[in-house]
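In this note's numbering, the protein residues as written are 62 to 515. Written out below as structure tokens is the structure these notes cover.
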């Protein structure tokens with residue numbers, strides 16, 4: 062056995078024996094850094110575009126959010142499912158099936174992305190108009206999507222394999238893969254946007270090139286036989302049971318991203334009706350900021366997932382519970398800090414994206430309403446990931462839909478009729494609170510079941 066493989070086997074064994082808080086730190090820190098780095102792709106683009114192009118460009122970029130969420134949802138369907146199944150199989154000592162998950166996931170990504178990118182390419186303008194693009198914002202949205210679409214396949218491969226890399230015992234390398242991409246994007250974005258004068262097109266091209274480096278890095282990793290999990294001959298041929306395993310667990314986080322698409326469509330149309338491109342751009346800044354916070358929570362969840370999945374597969378339910386509650390505590394602290402910043406300094410956040418006084422005022426007003434109950438979101442996200450990590454597909458899917466589909470969409474349709482723009486912003490804290498109460502009830506029931514088995 063090689064020295065590298067021995068080290069990796071030791072890492073996997075620690076999931077069953079190591080101190081939970083230390084394990085969660087070791088796995089979450091690289092994941093958090095990776096997720097923050099991934100967020101920088103969007104944040105960097107939006108700051109450079111907002112400061113260098115203007116309000117209409119920010120609005121145009123906000124219109125692309127639903128389209129990008131569709132692409133992300135289809136990628137997460139495979140990537141998150143593959144990562145969760147890898148952890149469970151590794152915990153059960155079934156590395157042959159873990160290898161099949163790896164190979165099948167890459168095949169699924171390529172087929173999946175080829176289909177949806179082709180459809181988007183044909184109907185891109187119709188899609189953007191349906192998603193709320195105005196005459197002023199459509200050209201910017203069209204330019205960005207035209208140049209980002211070729212890179213969507215590369216993005217899906219890079220992000221998905223990074224998740225599997227983390228789940229198979231390489232959290233540091235998973236973090237490094239994202240840092241490579243974000244570092245490249247940070248360097249390339251201003252060059253393409255400003256130096257080459259490509260504007261919003263340059264932001265898309267820079268992202269494509271940066272993600273290419275991530276994909277090359279991850280594929281190279283899994284091509285090495287010395288690694289604990291690697292590509293094997295025959296593992297790329299799709300197997301019905303493996304495909305269903307991947308999609309079954311990946312459905313929950315995928316639906317969250319898909320739901321975000323419909324939320325953005327409804328929100329953009331309603332915002333434009335009550336506040337024009339200025340309100341759409343303000344919401345774009347809000348979504349960017351809250352997504353950054355949620356990415357930290359998702360990073361904690363990604364650190365929790367291999368610990369929970371491995372110990373669930375190994376029958377160590379006591380350790381599973383400790384990992385869950387530790388993740389809840391950490392996620393709540395992160396969200397509380399982000400909530401305080403959003404409520405106390407919304408003007409400073411807005412100024413990072415724009416110098417337009419009207420847009421700054423609209424953004425600050427929206428922040429003070431929309432973030433009133435944001436502090437509970439960490440618990441809700443961790444709970445959804447917990448169900449996903451133990452293979453409870455139905456519960457995970459339902460819980461992933463509560464906040465955005467079951468509650469937020471009806472509120473976005475009802476409240477603006479009575480309170481206009483204020484009603485849109487008020488929809489967020491109300492849905493956050495109700496969804497968290499539902500999550501609490503479901504978690505209580507599941508933990509009672511686990512207590513009887515411990």
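The beta carbon of each residue, even a glycine, is placed where N, CA and C say it ideally should be. From a predicted model like this one, the values you see are computed outputs, not experimental measurements.
- Considered as a whole, the stretch 295-381 harbours 301-375 as its complete alpha helix (DSSP H) runs of no fewer than 4 residues, in chain order.
- Between residue 209 and residue 265, the gap from beta carbon to beta carbon is short of 7 Å.
- When the five nearest sequence neighbours on each side are left out, the beta carbons in the same chain lying within less than 8 Å of the beta carbon of residue 85 are those of 361, 364, 365, 368, 384, 387, 388 and 391, in order along the chain.
- CA-to-CA, the gap between residue 201 and residue 118 works out to about 6 Å.
- For residue 220, the uninterrupted alpha helix (DSSP H) run begins and ends at 213-228, by DSSP.
- A straight line joining the alpha-carbon of residue 431 with that of residue 445 spans about 22 Å.
- Three or more pairs of CB atoms, one per stretch, sit closer than 8 Å, so the stretch 461-471 contacts the stretch 489-500.
- The C-beta distance from residue 192 to residue 128 rounds to 7 Å, short enough to fall under 8 Å.
- Nearest C-alpha to residue 435 among 403, 337, 422 and 356: 403.
- Residue 124 and residue 189 do touch by the CB rule: their CB atoms are close to 6 Å apart, below 8 Å.
- If you check the CB distance, residue 135 and residue 173 come in under 7 Å.
- In terms of CA proximity to residue 496, 441 leads the group 237, 276, 481 and 441.
- Judged by DSSP secondary structure, residue 232 falls within the alpha helix (DSSP H) whose first and last residues are 232-251.
- The distance from the Cβ of residue 327 to that of residue 473 is about 5 Å, consistent with a contact at the 8 Å cut-off.
- Residue 285 and residue 323 have their C-alpha atoms some 41 Å from each other.
- Assigned with DSSP and collapsed to three states, residue 432 falls in coil, not helix or strand.
- The residues 162, 166, 225 and 307, in chain order, have a CB closer than 6 Å to that of residue 143 in the same chain once the five nearest residues on each side in sequence are set aside.
- Going by beta carbons, residue 450 and residue 345 fall outside the 7 Å limit.
- Looking at 241, 287, 341 and 195, the one whose alpha-carbon comes closest to that of residue 420 is 341.
- Contact annotation: residue 336 and residue 433 have beta-carbon atoms that are not nearer than 7 Å.
- A distance below 7 Å separates the beta carbons of residue 292 and residue 164.
- Assigned with DSSP and collapsed to three states, residue 289 falls in coil, not helix or strand.
- For residue 152 against residue 289, the beta-carbon gap comes to about 13 Å, at or over 8 Å, which does not count as contact.
- In the DSSP assignment, residue 183 falls within the alpha helix (DSSP H) that extends over 156-191.
- Shown here, residue 451 sits in coil according to DSSP, grouped into three states, outside any helix or strand.
- For residue 120, the closest of 148, 90, 428 and 329 by C-alpha to C-alpha distance is 329.
- Note on geometry: alpha-carbon atoms of residue 214 and residue 130 lie some 14 Å from one another.
- Between the beta-carbon of residue 415 and that of residue 339 there is about 10 Å, and that puts the pair past the 8 Å contact cut.
- Residue state for residue 497 is assigned as helix, using DSSP reduced to three classes.
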